[in-house]
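>
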Amino acid sequence: MSRADHGLIKSRKRISPFPKIPEYVETKISNIKAPLSPAQHLSLTSRIANMVFPYEWLAYELENTLFPGNAPKGFHREISYSYLNSNVDKRKKGYEPMSEDVEHHQIETKLGTIVGVHVYRATNAEDNPKKVFVPLQGNTRPARYMNEILEALTFDRTCAVIARDFVGYDLSSRVPNENGALELAAIANELAVYQYAVEMYPDAEIIPFCRSIGGLMLLILLGFVKVNKVILCVPFGELYPVMRNMAEKMARYGLLRRCAGFVASLVVPKCIDMAFPKGCKVDELPGFETTGFQLASAIQASNADFSGKSVLMFEAKDDDLIPQGQTQNLAAKLHAKAAKTKIVTLEGDHKALPWDEKNSHFAVDEIKRFVDNGL
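So that you can map any letter, position 273 of the sequence shown is 273 in UniProt numbering, and since no number is skipped, the others follow by simple counting.
1) Rounded to a whole number of angstroms, what is the C-alpha to C-alpha distance between residue 100 and residue 343?
2) Going by beta carbon distance, what residues of the same chain come within less than 6 Å of residue 104, once the five residues before and after it are set aside?
3) Could you check which residue in 337, 159 and 179 has the C-alpha nearest to that of residue 282?
4) With a 10 Å radius around its C-beta and 16 neighbouring C-beta atoms as the bar for buried, classify residue 24 as buried or exposed.
5) Counting beta carbon pairs with one atom in the region 283-291 and one in the region 207-215, are three or more of them shorter than 8 Å?
6) Is residue 307 near residue 238, with beta carbons less than 8 Å apart?
7) Compare the Cα-Cα distances from residue 83 to each of 21, 232, 156 and 226 and report the closest residue.
8) Excluding the five sequence neighbours on either side, which residues of its own chain have a C-beta within less than 7 Å of the C-beta of residue 368, listed in chain order?
9) Would you kindly check if the distance between the Cβ of residue 70 and the Cβ of residue 225 is under 8 Å?
10) Just how far apart, CA to CA, sit residue 240 and residue 128?
11) Would residue 339 and residue 371 qualify as a contact pair, given that the criterion is a beta-carbon distance under 8 Å?
12) Have a look at residue 198 and residue 91 and give me their C-alpha separation to the nearest angstrom.
13) Does the region 65-80 come close enough to the region 149-163 that 3 or more CB-CB pairs lie under 8 Å?
14) Alpha carbon to alpha carbon, how far is residue 58 from residue 125?
15) Identify which residue in 95, 219, 30 and 322 has its Cα closest to the Cα of residue 301.
16) What did DSSP end up calling residue 14 once you bin it into helix, strand or coil?
17) Since residue 211 is in the beta strand (DSSP E), which residue starts that stretch and which ends it?
18) Taking the alpha carbon of residue 271 as the point to measure from, which residue in 28, 31 and 61 has its own alpha carbon closest?
19) Taking only runs of the beta strand (DSSP E) that begin and end inside the region 57-133, which ones reach a length of at least 3 residues, in chain order?
20) Assign residue 93 to one of two classes, buried (16 or more other C-beta atoms within 10 Å of its C-beta) or exposed (fewer than that).
21) What do you reckon, are the CB atoms on residue 112 and residue 32 nearer than 8 Å?
22) Taking only runs of the alpha helix (DSSP H) that begin and end inside the region 256-334, which ones reach a length of at least 4 residues, in chain order?
23) Taking just the CA atoms, how far does residue 337 sit from residue 305?
24) Run the CB neighbour count on residue 360, radius 10 Å, all protein chains shown included, and call it buried at 16 or more, exposed below.
25) Need the endpoints of the alpha helix (DSSP H) that residue 219 sits in, please.
26) Based on DSSP bridge pairs, tell me the residues matched to residue 160.
27) Taking the Cβ atom as the reference point for each residue, do residue 116 and residue 170 lie within a distance shorter than 8 Å?
28) For residue 40, name the three-state secondary structure that DSSP assigns.
29) How should residue 13 be labelled, buried or exposed, when 16 other C-beta atoms within 10 angstroms of its C-beta is the threshold for buried?
30) Could you spell out the range, first to last residue, of the alpha helix (DSSP H) harbouring residue 368?
31) Helix, strand or coil: which one does DSSP assign to residue 344?
32) When DSSP builds the beta bridges, which residues end up paired with residue 9?
33) Looking at residue 141 and the ligand PLP, is the gap between the Cβ and the nearest heavy atom below 7 Å?
34) Determine the closest residue to residue 122 out of 86, 201 and 320, with distance taken between C-alpha atoms.
35) Cutting at 6 Å between CB atoms, please list the residues of its own chain near residue 63, excluding the five before and the five after it.
36) When burial is assigned at 16 or more other CB atoms within 10 Å of the CB, is residue 74 buried or exposed?
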């Protein structure tokens, strides 16, 4: 067993009926061993800049904008389940009700966090399914609003799908983000979902499908014994270039855009370090510590050997969020650790999917070949 095979499940229960609006549950993680906060060792220049740029407030805004499902009640950008449900009721494109036979569960981890899981059974498999997909969603929509994607991953119910809700989203408990608590909760939840999947399907291969920000857990996923293949859709390896790109796009024209980029280069790295500190630990997760969600840097700094691991990466041709070269940089870091990678370009922007009409004629076959044979 690898260091990623900890038994972290404390309890589990089935949720029925599935509530239209999830109950608000909060878990506070205590006894975190954290290095000095970046706010405690700002340089003199940074302290002067802090008079102009309120770093702590900006870090708070950044954290809850990146993960709106974990935002506190009343935050101006928190996820509105009423709005999302109205899109489902109206059958808005891309929204559809979750299939009626999906099972909904909550797992409590030994860290105290609660993670929601949604199980699509492989009802058309000849025997027990040989493949189990574990999707990790992006930041704006919980799993219950991704039924079209989740059903597609079952390949006509010949494969099982175990979708999980990220920290604070839907059936998963919210975690106030102090001293890296959000990332520690994310690690604990991934370990628990992996344990759950292995216990439910002990003879199956587990294949994570990570979309956008869901791919930031890749380093954890590749450490699992039963995970030899991972699919990344519109991934990125570092938060900073993405946040700088967002700042520049908010200021569309000429000098204003260059100024926004310059300001972002000063402010964003410190805000990211404050919102998502590195090196935080808890006793319940031996061998793990926070990386600040800096995936590419964490892979480079690790002593991991990913021999036998394959990563299929779908980038979007006209991605308006992720700067050009992010996918290639992440692939290079994985190559350096002996992983095999392949990059496939999808038509469309950051919302592009392999099942879109303009991509399905080639992308679905790419997934099938990858699932069957790896790289």
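We put the beta carbon where it would ideally sit given N, CA and C, even for glycine.
In terms of the structure at hand:
1) 35 Å
2) 15, 18 and 118
3) 179
4) exposed
5) no
6) no
7) 21
8) none
9) no
10) 43 Å
11) no
12) 35 Å
13) no
14) 50 Å
15) 219
16) strand
17) 205-211
18) 61
19) 103-109 and 114-120
20) exposed
21) no
22) 295-301
23) 5 Å
24) exposed
25) 218-221
26) 132
27) yes
28) Note that residue 40 scores 49 on pLDDT, short of 50, meaning its location in the model is unreliable; the coordinates nonetheless yield the value given after this. Helix.
29) exposed
30) 360-373
31) strand
32) 109
33) Only the bare structure without any ligand can be found here, which leaves the ligand PLP out of the picture.
34) 201
35) 177 and 275
36) exposed
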